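Residue numbers (full-length UniProt numbering): 1 to 764.
Idealized CB from N, CA, C, for every residue including glycine.
Keep in mind the model is a prediction, meaning the values are calculated, not measured.
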Amino acid sequence: MYEGQGALSEGALRPDIVQVGAVFTFNTINGKVARIAMKAAEDDVNSDPNILGGSKLSILIHDSNFNEFLGIIGALKFLETDTVAIIGPQTAVMAHVLSHLANEFHVPLLSFTALDPTLSPLQFPYFVQTAPNDQFQMTAIADMISHFGWAVVVAVFSDDDQSRNGITALADQLAERHCKISYKAVLPPDPTAKPSEVKDQLERIQMMEARVIVVHTFNRTGLLVFDEAQKLGMMESGYVWIATTWLSTVLDSAPSSKTANSTIGVLTLRPHTPDSERKRAFMARWNKLSNGSIGLNPYGLYAYDTVWMIAQAVNLFLDQGGNISFSNNTRLSRMKGGALNLGALSIFDGGNQLLNNILQTNMTGLTGPIRFYPDRSPLHPSYDILNVYETGYRQIGYWSNYSGLSVVTPETLYTKPPNRSSSSQILDTVIWPGGTTKKPRGWVFPENGRQLRVGVPNRVSYQELVSRVNGTDKVQGYCIDVFLAAINLLPYAVPYRFIPFGDGHKNPSYYKLVNMVSLNVFDAAVGDIAIVTNRTKLVDFTQPYIESGLVVVAPVRKLNSSAWEFLQPFTPLMWGVIAAFFLTVGVVVWILEHRINDEFQGPLRKQIVTILWFSLSTMFFAHRENTMSTLGRIVLLIWLFVVLVINSSYIASLTSMLTVQQLSSPITGIDTLVTSNKPIGFQVGSFAENYLTEELNIPKSRLVALGSPEEYAVALERGTVAAVVDERLYIELFLSDNCKFSIRGQEFTKSGWGFVSSSHHVVS
Numbered sequence: 001m002y003e004g005q006g007a008l009s010e011g012a013l014r015p016d017i018v019q020v021g022a023v024f025t026f027n028t029i030n031g032k033v034a035r036i037a038m039k040a041a042e043d044d045v046n047s048d049p050n051i052l053g054g055s056k057l058s059i060l061i062h063d064s065n066f067n068e069f070l071g072i073i074g075a076l077k078f079l080e081t082d083t084v085a086i087i088g089p090q091t092a093v094m095a096h097v098l099s100h101l102a103n104e105f106h107v108p109l110l111s112f113t114a115l116d117p118t119l120s121p122l123q124f125p126y127f128v129q130t131a132p133n134d135q136f137q138m139t140a141i142a143d144m145i146s147h148f149g150w151a152v153v154v155a156v157f158s159d160d161d162q163s164r165n166g167i168t169a170l171a172d173q174l175a176e177r178h179c180k181i182s183y184k185a186v187l188p189p190d191p192t193a194k195p196s197e198v199k200d201q202l203e204r205i206q207m208m209e210a211r212v213i214v215v216h217t218f219n220r221t222g223l224l225v226f227d228e229a230q231k232l233g234m235m236e237s238g239y240v241w242i243a244t245t246w247l248s249t250v251l252d253s254a255p256s257s258k259t260a261n262s263t264i265g266v267l268t269l270r271p272h273t274p275d276s277e278r279k280r281a282f283m284a285r286w287n288k289l290s291n292g293s294i295g296l297n298p299y300g301l302y303a304y305d306t307v308w309m310i311a312q313a314v315n316l317f318l319d320q321g322g323n324i325s326f327s328n329n330t331r332l333s334r335m336k337g338g339a340l341n342l343g344a345l346s347i348f349d350g351g352n353q354l355l356n357n358i359l360q361t362n363m364t365g366l367t368g369p370i371r372f373y374p375d376r377s378p379l380h381p382s383y384d385i386l387n388v389y390e391t392g393y394r395q396i397g398y399w400s401n402y403s404g405l406s407v408v409t410p411e412t413l414y415t416k417p418p419n420r421s422s423s424s425q426i427l428d429t430v431i432w433p434g435g436t437t438k439k440p441r442g443w444v445f446p447e448n449g450r451q452l453r454v455g456v457p458n459r460v461s462y463q464e465l466v467s468r469v470n471g472t473d474k475v476q477g478y479c480i481d482v483f484l485a486a487i488n489l490l491p492y493a494v495p496y497r498f499i500p501f502g503d504g505h506k507n508p509s510y511y512k513l514v515n516m517v518s519l520n521v522f523d524a525a526v527g528d529i530a531i532v533t534n535r536t537k538l539v540d541f542t543q544p545y546i547e548s549g550l551v552v553v554a555p556v557r558k559l560n561s562s563a564w565e566f567l568q569p570f571t572p573l574m575w576g577v578i579a580a581f582f583l584t585v586g587v588v589v590w591i592l593e594h595r596i597n598d599e600f601q602g603p604l605r606k607q608i609v610t611i612l613w614f615s616l617s618t619m620f621f622a623h624r625e626n627t628m629s630t631l632g633r634i635v636l637l638i639w640l641f642v643v644l645v646i647n648s649s650y651i652a653s654l655t656s657m658l659t660v661q662q663l664s665s666p667i668t669g670i671d672t673l674v675t676s677n678k679p680i681g682f683q684v685g686s687f688a689e690n691y692l693t694e695e696l697n698i699p700k701s702r703l704v705a706l707g708s709p710e711e712y713a714v715a716l717e718r719g720t721v722a723a724v725v726d727e728r729l730y731i732e733l734f735l736s737d738n739c740k741f742s743i744r745g746q747e748f749t750k751s752g753w754g755f756v757s758s759s760h761h762v763v764s
């Protein structure tokens, strides 16, 4: 064994210098911020004599310059120079490699940017993530997607370990919420992606259904994605863009008008760090520390705290009697030959003890309370949710692993029981791409998708409803107008094409048309399609857009008026009853009055005339005789009320008879038609045929198929059929040109017309 480079002071147990390595790409935003923050932490540690007990902390910097190989070389150099811990690397690709070196040489490796969730402590025990890994970030994004009610997303990411494994974690979280990633757009590793490569992927996405896009990459590739998306018109209304924490670091550390313009409406996450006096003081120092070269972002705070974690762990290690010493690796010592000086790589003897001290950290830093759970996850991981707009960004809420989405700080919620109910998941209003506050649907019909095949009956009659334009595949009519009006109300485009169904010589069978939809020959059917039971068993219908039902139409003849028309309101029996009542009332009143009333006395002839006159004059309320007896007055009062009712009924009936043309037909409705043995007409292709035979049990031999209104008129006039049974809408069109016929009785079915869709192709 041998002592480390830091020679011990005379009479002291602590080394003069404790060396810590740092491997980063310092030409990146996080690399620049981390370098400044680590230097500030180093100075603060060394300025406090209570930390390290007089030893000085020295952070050795190595720039990997976007090159994993150079990063490995830098780490090997640190292992040659007796480094007790390494901060970094910046990317997960390098972390997977350097973690093997850390395991072999017992040097703790701490990173706040290599946040690949697959960097397991079981496989890499010496690797410690000092910031929340992407498992939590992807859970937050999945909660946001579920909160807004979207089901399908597209993932855009770089082809590196951290981005790839982060998207895998997102897919798992979405699956738990019954959502999914429909397409993964893979880009070359950052920063090697070219505009043409990004454009190709975005053009593919533009042709797809999903409009919710998650971008998980690094800042250079991410900004390139949004630049190209803006050129392609993908930053307009209807799109949803969610960027991971890379975008918030750009907005905090390197804001620019170009970035703001190309990312308006985007949602992004930022690691949440609670407000504190120490944090505010450090932020106040930052401009001096950075000379105004770059803004501070949360990863700068994590860099500062990581240095302090190491310093306190080393201090505890020395207080525990630990000795910073290194041993040769016997397995490497036996490997001789070549120019590689592998024997210079040494094992840190106290590495395991230092690692345990780091994992037992219990301190409050710039990022808040710092502790690790047994699985090495941090205490209460949380994120700010930001919404980019023209002049910067605004915070619309928070996400915490404790209570999910909220508009209050996570620290407030930690004092309450966790609440994950849907009513408690709240975010402020979002300004989406295009400047709208209305939540996007999240999907459209894909531009490269198959058009909806809409079957349309190729009618030869009642072409006002639906018909094919001669010599073309175009269709027109009332039903088509209703369909197009409904399509135009949708907030998204629906590609479709009309396909006429039928030979054009006779009306097609509507049952066959509906069956073609159920067999997936058509995706939908539009037209005058009645919603009836046997059809609903095969397909789905929209809500009825018009009401209809079966009626009976038959020939009618006009009744000629006569001089005795005024007697028609009442039947002869009714007239006889009325006359009898008049005489009876007259006699009753005479019996009650003639003994005490002089007007009802006199010779017999006079009394008979008085009875008749009094009775008849009450019809016109013109009686002159006064009644004196109480019973007589009661009888007269009741009778006058009856006369009033009789007069009103007579006048109403006579008025109706004189103003309305009187039509007569032996067919009074469906009942008389069913009980007769006369032939019945129906429209070709209509459901009326099945209804008459199956529901009313009318023999098919009585049914006559008719193909047009002209055939209706001829058959009714010649007596070929006694009546025609068809839907009211057709009959009303028929009667508008044929006044010799009339609807007899009431509608005897209640239905409506609707559009048809296959029950197997319901759009979610």
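Checklist entry - Are there three or more Cβ pairs, one per stretch, closer than 8 Å when the segment 30-40 is compared with the segment 276-292? => result yes
Checklist entry - So residue 107 packs on residue 73, CB below 8 Å; how close in whole Å? => result Not quite, the Cβ-Cβ distance comes to about 16 Å (not below 8 Å), so this is no contact.
Next on the checklist: Assuming contact is defined by CB atoms lying nearer than 8 Å, are residue 46 and residue 60 in contact in what I supplied?
Outcome noted: no
Checklist entry - Going by other Cβ atoms of all chains shown within 10 Å of its Cβ, with 16 needed for buried, is residue 150 buried or exposed? => result buried
Item to check | Cutoff 7 Å; reference residue 30; Cβ partners in own chain excluding five residues on either side | outcome: 90, 113, 249 and 299
Item to check | Buried or exposed (CB count within 10 angstroms, at least 16 for buried), residue 32 | outcome: Classification of residue 32: buried, given that the 10 Å Cβ count is 16 or more.
Next on the checklist: Let me check one thing: in DSSP terms, what residues is residue 468 bridge-paired to?
Outcome noted: Answer is 475, bridged to residue 468.
Checklist entry - In chain order, what residues of the same chain have a beta carbon less than 8 Å from the beta carbon of residue 464, not counting five sequence neighbours either side? => result 477, 478 and 733
Item to check | DSSP-derived helix/strand/coil call for residue 62 | outcome: strand
Checklist entry - Going straight from the alpha carbon of residue 19 to that of residue 283, what length do you get? => result 27 Å
Checklist entry - So what's residue 2 in DSSP terms, helix, strand or just coil? => result Any reading at residue 2 needs caution, since the residue's pLDDT is 27, under 50, leaving its predicted position unreliable; the model's value is listed next. Looking at residue 2 - three-state DSSP - the assignment turns out to be strand.
Next on the checklist: Could you tell me the alpha carbon to alpha carbon distance between residue 530 and residue 722, rounded to whole angstroms?
Outcome noted: 25 Å
Item to check | Complete runs of the alpha helix (DSSP H) confined to the segment 119-202 [at least 4 residues] | outcome: Taking only runs of at least 4 residues, the alpha helix (DSSP H) segments lying wholly in the segment 119-202 are 134-148 and 161-176.
Item to check | Residue from 470, 471, 496 and 612 whose Cα sits closest to the Cα of residue 454 | outcome: The shortest Cα separation from residue 454 among 470, 471, 496 and 612 belongs to 496.
Item to check | Distance between residue 204 and residue 221 (C-alpha atoms, nearest Å) | outcome: 18 Å
Checklist entry - Where do the N-terminal and C-terminal ends of the beta strand (DSSP E) with residue 243 fall, by residue? => result 240-243
Checklist entry - Pairing CB atoms from the segment 197-212 with CB atoms from the segment 151-164, are three or more of them under 8 Å? => result yes
Item to check | Cα-Cα separation between residue 581 and residue 606, rounded to whole angstroms | outcome: 21 Å
Checklist entry - Whole beta strand (DSSP E) runs in the segment 198-273 with 3 or more residues, listed along the chain? => result Listed in chain order, the complete beta strand (DSSP E) runs (minimum 3 residues) inside the segment 198-273 are 212-216, 240-243 and 267-271.
Item to check | Backbone secondary structure at residue 298 - three-state DSSP | outcome: helix
Checklist entry - So what does DSSP say about residue 114, is it helix, strand or coil? => result coil
Item to check | Secondary structure of residue 56, DSSP reduced to three states | outcome: strand
Next on the checklist: Whether or not the segment 269-282 and the segment 341-359 are in contact is what I'm after, with contact meaning three or more pairs of Cβ atoms, one per stretch, closer than 8 Å; do they touch?
Outcome noted: no
Checklist entry - Going by alpha carbons, who is nearest to residue 433 out of 553, 230, 402 and 711? => result 230
Next on the checklist: Let's see if you can read the secondary structure: which residues bound the alpha helix (DSSP H) around residue 510?
Outcome noted: Looking at the DSSP string, the run of the alpha helix (DSSP H) that includes residue 510 is 510-518.
Next on the checklist: Quick check on DSSP: helix, strand or coil for residue 394?
Outcome noted: strand
Item to check | Element boundaries [alpha helix (DSSP H), containing residue 387] | outcome: Careful: residue 387 lies outside any alpha helix (DSSP H), inside the beta strand (DSSP E) at 382-389.
Checklist entry - In three-state terms, what does DSSP make of residue 747? => result coil
Checklist entry - Just to confirm, are residue 684 and residue 506 a CB contact at a threshold of 8 Å? => result Their beta carbons are under 8 Å apart, which means residue 684 touches residue 506 by this criterion.
Checklist entry - Hey, would you say residue 313 sits closer than 8 Å to residue 361, going by beta carbons? => result yes
Item to check | Assumed close pair residue 117, residue 133 - CB separation to whole angstroms, cut-off 8 Å | outcome: 5 Å
Next on the checklist: Quick check: what's the CA-CA separation for residue 268 versus residue 317?
Outcome noted: Whole-angstrom Cα-Cα distance: 40 Å.
Checklist entry - Taking DSSP as the reference, what is the three-state secondary structure of residue 676? => result coil
Next on the checklist: Between which two residues does the beta strand (DSSP E) holding residue 21 run?
Outcome noted: 17-24
Next on the checklist: Helix, strand or coil, according to DSSP, for residue 88 in the structure here?
Outcome noted: coil
Item to check | Terminal residues of the beta strand (DSSP E) in which residue 727 lies | outcome: 723-727
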